[in-house]
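Going from the sequence shown to this note's numbering is simple: count from 1 and add 306.
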Amino acid sequence: MTPLVEARGLVRVYQIRRGLFGRSVPVRAVDGVSLTVMPGETLGIVGESGSGKSTLGRMLLGIDDAQEGRVLYDGQPMPALHTGAWRALRASMQFVYQDPLAALDRRLTIAAQIGEPLEIHDLLPREQRGARVAELMAAVGLRPDQAGRYPHELSGGQRQRAVIARALASKPRLLVCDEPVSALDVSIQAQVVNMLRDLQDQTRIAMVFISHDLKVVRNIADRVAVMYLGRIVEGASSDVLFRSPQHPYTRALVSSVPEPGKQLQGRVILQGEPPNPANRPSGCAFHPRCPLARDVCRAEVPELRRIGEGRTAACHVLTGEPALAAA
Ligand code: SF4
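Right, here's the structure in full:
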């Protein structure tokens with residue numbers, strides 16, 4: 307089956323100034339990432355702050371350009387900007403941001419904002435738009451009486467439901483959600499994640515779910531890619547990755563996720579500082595924090611390799627075949 311989205315060797319470099327009068331240094335926010343998203347599946351992308359996962363999410367939709375590499379949609383490159391084909395493709399791929407209040411216009415009612423894509427992309431006759439907005443509100447669990455409210459009159463969870471309803475208005479085939487529940491209370495997070503899972507079951511929409519929170523990702527992702535300083539260091543199905551993480555970084559992350567109804571056991575505490583993209587260590591970028599680091603780790607970047615059926619990892623200790631594509 308052709309992947310809905312296929313990223314090949316994506317690179318994104320930012321210039322960051324060190325101090326007020328310091329010189330600019332290049333930071334490789336995304337550094338040679340390859341991945342696929344199949345129709346109807348959810349790919350979770352996890353990693354600490356600064357791992358490049360949000361930049362990668364924007365690159366998948368062409369919001370941020372790739373300086374190297376490319377993204378294919380249904381096996382085809384992105385059409386030329388502002389053509390009819392480009393507009394149709396953009397309507398079929400939507401982005402959900404972390405902060406729903408910032409994503410919504412405070413001066414417009416919720417119903418007006420949910421219906422905006424129908425108008426922008428001219429997707430339905432005007433007289434049918436109201437019914438479609440009501441249908442979308444029901445699908446995300448918003449009540450009809452909330453249609454005329456403004457964003458500040460809703461709770462955080464309700465606002466995020468409205469953002470998701472708006473993203474679904476154009477019946478997209480792909481939703482990229484960047485930390486969609488991290489600004490919400492824990493009790494509301496579960497409701498929104500369950501709602502996304504139900505919507506996916508009903509619509510078979512594909513999702514890229516970006517989060518630093520592995521508990522949330524475990525509940526929603528079919529496959530997971532783990533990022534560290536701009537690179538994918540491990541990829542596997544969600545079941546396999548959470549049951550038997552292989553890369554030392556993944557093992558530490560997974561060890562901090564409690565099993566439902568069980569006490570946390572065998573937690574691996576990561577040593578050293580969280581990653582700083584402007585000061586990338588030599589060789590394997592994880593080596594200053596890795597309990598298994600050896601000389602080769604400081605000298606050579608480990609290649610992403612296939613280490614088992616459907617799983618990949620980049621680590622000198624884990625041997626396997628070179629991988630054509632990650633996650
Ligand atoms: Fe640790 Fe070396 Fe593997 Fe990096 S390559 S994760 S430093 S063992």
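Note that the Cβ used here is the ideal one computed from N, Cα and C, for glycine as well.
CB of residue i to nearest heavy atom of the ligand SF4: below 7 Å?
i: valine 532; result: no
i: alanine 605; result: no
i: proline 608; result: yes
i: tyrosine 555; result: yes
i: alanine 437; result: no
i: leucine 576; result: no
i: valine 352; result: no
i: alanine 498; result: Inspection of the sequence shows that residue 498 is occupied by valine rather than by alanine. No.
i: leucine 598; result: yes
i: valine 560; result: no
i: valine 563; result: no
i: histidine 622; result: yes
i: cysteine 590; result: yes
i: histidine 593; result: yes
Classify residue i as buried or exposed, calling it buried when 16 or more other Cβ atoms lie within 10 Å of its own Cβ.
i: proline 597; result: exposed
i: glutamine 419; result: buried
i: glutamate 425; result: exposed
i: tyrosine 403; result: buried
i: arginine 318; result: buried
i: methionine 307; result: exposed
i: proline 580; result: exposed
i: threonine 618; result: buried
i: glycine 572; result: exposed
i: aspartate 491; result: exposed
i: glycine 390; result: exposed
i: glycine 325; result: exposed
DSSP beta-bridge partners for residue i?
i: glutamate 347; result: According to DSSP, which records beta bridges pairwise, glutamate 347 is partnered with nothing at all.
i: phenylalanine 401; result: Val482
i: phenylalanine 635; result: No answer is possible for residue 635: it lies beyond the span of the chain, which begins at 307 and ends at 633.
i: valine 623; result: BP columns for valine 623 are empty, so no partner.
i: valine 319; result: Arg334
i: glutamate 312; result: Thr342, Leu378
i: isoleucine 538; result: Met533
i: threonine 618; result: Gly541, Arg612
i: proline 383; result: Leu378
Going by the beta-carbon positions, is the gap between residue i and residue j smaller than 8 Å?
i: serine 544; j: glycine 328; result: no
i: arginine 364; j: aspartate 370; result: yes
i: isoleucine 526; j: arginine 503; result: yes
i: glutamate 422; j: arginine 472; result: yes
i: arginine 524; j: valine 574; result: no
i: valine 343; j: proline 309; result: yes
i: glycine 447; j: arginine 467; result: yes
i: leucine 362; j: leucine 316; result: yes
i: alanine 335; j: glycine 358; result: yes
i: glutamine 495; j: valine 522; result: yes
i: tyrosine 320; j: valine 333; result: yes
i: asparagine 582; j: glycine 356; result: yes
i: arginine 637; j: glycine 541; result: With the chain covering only 307 through 633, there is no way to say anything about residue 637.
i: alanine 620; j: valine 539; result: yes
i: serine 340; j: arginine 314; result: yes
Task: Meets three-Cβ-pair contact criterion under 8 Å: the segment 529 to 541 and the segment 579 to 590 - done: yes
TODO: For the segment 409 to 423 and the segment 454 to 473, state whether three or more C-beta atom pairs, one from each stretch, are separated by less than 8 Å.
DONE: yes
Open item on the list: Whether or not the segment 543 to 562 and the segment 592 to 606 are in contact is what I'm after, with contact meaning three or more pairs of Cβ atoms, one per stretch, closer than 8 Å; do they touch?
Closed with: yes
Open item on the list: Below 8 Å, how does it come out for the segment 468 to 485 and the segment 510 to 522: are there three or more Cβ pairs, yes or no?
Closed with: yes
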